[in-house]
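Visitor: Attaching a single structure in structure tokens format; questions to follow.
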Amino acid sequence: MTDSSGTLRDAVLVARLLKEARAGRPFALAGVLATRGSMPRGAGARMALLSDGSWLGTVGGGRVEQMAMDRCRAVLEGTASGSLEWLTHAKTGMACGGDALLSVRRSLGPEDETRLLADLLERGRQDEPSVIDEDWSDERRPRVSLTSVSDIDPGDLRATIELPLWDEARRRYSEPIGADPMAYVFGAGHVGQALCPVLAGVGFRVTVFDDRAELATTELFPRAERVVCGDFGHVSELVHVTRRDYVVVMTHGHVADLEVLRQVAPAQPAYVGCIGSRGKAAFVRRTLVERGVSDAWAQAVHLPVGEDILAVTPDEIAVSIAAEMIRCRAELRPRELRPHAAHARKGES
């Protein structure tokens, strides 16, 4: 979920395709729309063949990629129209044993493709939650559109949460663009190092921020989407926190904790937690209010952070924090899309 390379969330890929469309040069675009079993890449993976014979992106390598390349060539050369096909294990012979639903389409007319890609690129830059929709009811002429999440009918709201989604009955594929929230971990110490892989493992994109160069490294945080080394006093200049994001503050001291909390407050993130004791909580909240933060927001900060499971070690604390964030994420979903109460709250019916 955290790897956007070779997808329509990849700004480099989209920008290059936009350049081709604006120049009136056609291209073929392959995509994985669904998978069954184990596959190298999941739904959303993309690969493009340009008119000069160069390739962008990947759908996972191996036999699946070779078959995708063959179909892209046929589409671009005009010997085949668009195609939609389940590449089963029996066809690919891949050791992973899974199946992939592969789509291949020729670029739309220059004006339509340019409009679509330019809109896609701009929404990605603005981090505007959107859904790209592909209608494959006519494989020869698939229809592609981009819709803002705010414009989606409430009855179709699951599309903003449970995507990418392939609807076999309607022959329709939907994928969120810029819709996944980010979990910002401010502090790269022992708890931060334990927390990052746990969050990544349960579907959070993770950005780690610290002012210590020896800790703010991709070697220590291989599963983070981004690692930032910067001054805690300039957080708002280095990262863009939004209302959909999650924030965990665990810097090397309460002074830096307060600086981070003060700067993220205007964004009103979906979740904010801060490590510390109950004794620290009163001091932090009082100081935040003195610095212009509303009392209601200060009181809403999860401090002490994490579910109360008597956690002691960094790994245990990481689990408690992740559990609280999972609960928050579930509670933010529409009621009909939440996990069953038996899963969400032990003992409730």
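For the sequence shown, position 256 (counting from the first letter as 1) is numbered 255 according to numbering that gives the first Met the number 0, and the numbering increases by one without interruption.
Every residue, glycine too, gets a C-beta built ideally from N, C-alpha and C.
(1) Can you tell me whether T113 is buried or exposed? The criterion is at least 16 other CB atoms within 10 Å of its CB, across all chains shown.
(2) What does the Cβ neighbour count give for L331, buried or exposed, with the cut at 16 atoms within 10 Å?
(3) Does the beta-carbon distance from A269 to D294 come in below 8 angstroms?
(4) Starting from E330, trace the alpha helix (DSSP H) in both directions and tell me its first and last residue.
(5) According to the Cβ coordinates, are G123 and T57 closer than 8 angstroms?
(6) In whole angstroms, give me the CA-to-CA distance for D209 and D230.
(7) Helix, strand or coil, according to DSSP, for G41 in the structure here?
(8) Let's test the definition: count the other Cβ atoms within 10 Å of the Cβ of E19 and tell me whether it reaches 16, buried, or not, exposed.
(9) By DSSP, does L107 sit in helix, in strand, or in coil?
(10) State yes or no: is the C-beta of R139 within less than 8 angstroms of the C-beta of S80?
(11) Helix or strand or just coil, what does DSSP make of T286?
(12) If you measure between the beta carbons of V248 and G272, is that distance less than 8 angstroms?
(13) Does the pairing of the region 100-116 with the region 71-80 give three or more beta-carbon distances under 8 angstroms?
(14) Tell me, to the nearest whole angstrom, how far the beta carbon of T241 is from that of R225; I am working on the premise that it is less than 8 angstroms.
(15) Tell me whether F282 is buried or exposed, calling it buried when 16 or more other Cβ atoms sit within 10 Å of its Cβ.
(16) Can you round the beta-carbon distance between R45 and L83 to whole angstroms, since I take them to be within the 8 angstroms contact cut?
(17) What are the start and end residues of each continuous alpha helix (DSSP H) run of 4 or more residues lying completely inside the region 257-312, in chain order?
(18) What first and last residue would you give for the alpha helix (DSSP H) that runs through E236?
(19) Could you check where the beta strand (DSSP E) with L55 kicks off and where it finishes?
(20) Would you mind reading off the limits of the alpha helix (DSSP H) that contains R62?
(21) Would you please state the rounded distance, in angstroms, between the beta carbons of A264 and V292? I believe it to be under 8 angstroms.
(22) Give me the DSSP bridge partner(s) of S80.
(23) I need the boundaries of the beta strand (DSSP E) containing V207, first residue and last residue.
(24) Who does C228 pair with in a DSSP beta bridge?
(25) Quick one: what does DSSP say A193 is sitting in, helix, strand or coil?
Guide: With the structure as the only source:
(1) Along the sequence shown, read from residue 1 onward, the residue named residue 113 stands at position 114. Around the C-beta of T113, 16 or more other C-beta atoms lie within 10 Å, and the residue is accordingly described as buried.
(2) Position 332 of the sequence shown, counted from the first residue, corresponds to residue 331. By the Cβ-count criterion, L331 is exposed, with fewer than 16 other Cβ atoms from all chains shown falling within 10 Å of its own Cβ.
(3) The residue you call residue 269 lines up with position 270 of the sequence shown. The residue you call residue 294 lines up with position 295 of the sequence shown. Not closer than 8 angstroms, so no.
(4) In the sequence shown, the residue the question calls residue 330 occupies position 331. E330 -> alpha helix (DSSP H) spans P313 to L331.
(5) Counting from one through the sequence shown, the residue named residue 123 turns up at place 124. Counting from one through the sequence shown, the residue named residue 57 turns up at place 58. No. Outside cutoff.
(6) To locate residue 209, count along the sequence shown from 1; it is residue 210. To locate residue 230, count along the sequence shown from 1; it is residue 231. In this structure, the CA atom of D209 is about 7 angstroms from the CA atom of D230.
(7) Reading the sequence shown from its first residue, position 42 is the one you call residue 41. Here G41 sits in coil by DSSP.
(8) Working through the sequence shown from its first residue, we reach residue 19 at position 20. The residue in question, E19, is buried, as its Cβ has 16 or more Cβ neighbours within 10 Å.
(9) Mapped onto the sequence shown, residue 107 falls at position 108. In this structure, L107 counts as coil in the three-state DSSP scheme.
(10) Within the sequence shown, numbered from 1, the residue matching residue 139 stands at position 140. Within the sequence shown, numbered from 1, the residue matching residue 80 stands at position 81. Yes, these two residues count as a Cβ contact at 8 angstroms.
(11) As a working note, residue 286 is residue 287 in the sequence shown. Helix.
(12) Within the sequence shown, numbered from 1, the residue matching residue 248 stands at position 249. Within the sequence shown, numbered from 1, the residue matching residue 272 stands at position 273. Result yes, Cβ atoms of V248 and G272 sit closer than 8 angstroms.
(13) Pairwise C-beta distances place the region 100-116 in contact with the region 71-80, as three or more of them are shorter than 8 angstroms.
(14) By 1-based counting over the sequence shown, the position of residue 241 is 242. By 1-based counting over the sequence shown, the position of residue 225 is 226. Contact flag wrong, Cβ pair sits at about 15 angstroms.
(15) Here residue 282 refers to the residue found at position 283 of the sequence shown. Burial call: exposed.
(16) On the sequence shown, position 46 is the one that residue 45 refers to. On the sequence shown, position 84 is the one that residue 83 refers to. Actually they are not in contact, since the Cβ atoms of R45 and L83 sit about 15 angstroms apart, beyond 8 angstroms.
(17) Whole alpha helix (DSSP H) segments, 4+ residues: 277-289 and 294-299.
(18) Against the sequence shown, residue 236 aligns to sequence position 237. First-last of the alpha helix (DSSP H) with E236: V234 to L237.
(19) The residue labelled residue 55 in the question sits at position 56 within the sequence shown. It spans W54 to G56 - the beta strand (DSSP E) in which L55 sits, taken as one unbroken run.
(20) Taking the first residue of the sequence shown as 1, we reach residue 62 at position 63. The continuous alpha helix (DSSP H) containing R62 extends over residues G61 to E76.
(21) Taking the sequence shown and counting its residues from 1, the one referred to as residue 264 is at position 265. Taking the sequence shown and counting its residues from 1, the one referred to as residue 292 is at position 293. With 8 angstroms as the limit, A264 and V292 qualify as a contact, their Cβ atoms being about 5 angstroms apart.
(22) Stepping through the sequence shown from its first residue, residue 80 is reached at position 81. For S80, which the question treats as bridged, DSSP gives no partner whatsoever.
(23) Here residue 207 is taken as the residue at index 208 of the sequence shown, counted from 1. For V207, the enclosing beta strand (DSSP E) begins and ends at R204 to D209.
(24) Sequence index remark: in the sequence shown, residue 228 carries index 229 (1-based). Per DSSP, the beta-bridge partners of C228 are D209.
(25) Here residue 193 refers to the residue found at position 194 when the sequence shown is read from its first residue. In this structure, A193 counts as helix in the three-state DSSP scheme.
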